[in-house]
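Notes for the one structure printed next.
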Amino acid sequence: MIKTFNDAYATLVSDVGNKTATLKTSATTQNNVVTQLYKQQQSISGVNLDEEYGNLQRYQQYYLANAQVLQTANALFDALINIR
């Protein structure tokens, strides 16, 4: 059977369209699997990122407060040493 150029082109376009649709479906399925696995991993690890971020901010505030205490103590010691 001899195909015309138009028939061959139509077949090619159809094949490309079918493969594209298949790949899109596969990509969507894989993204869903990745999302589900990530959620399972997070539930198993017990790590709540919002809670951890809150803890990080709290520790940063503690660190800054302690740095101010040390600066004040250093200034007091310098003042005591310079009293003569």
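Here the sequence shown stands for residues 10 to 93, numbered as in our numbering.
Glycine included, C-beta positions come from ideal geometry on N, C-alpha and C.
Alpha carbon of residue i to alpha carbon of residue j, nearest angstrom
{"i": "Glu-60", "j": "Leu-73", "result": "20 Å"}
{"i": "Gln-39", "j": "Asp-16", "result": "34 Å"}
{"i": "Val-78", "j": "Leu-58", "result": "30 Å"}
{"i": "Val-42", "j": "Gln-50", "result": "12 Å"}
{"i": "Val-25", "j": "Leu-32", "result": "10 Å"}
{"i": "Ala-1", "j": "Tyr-62", "result": "Limits of the chain in this structure are 10 at one end and 93 at the other, which puts residue 1 out of reach."}
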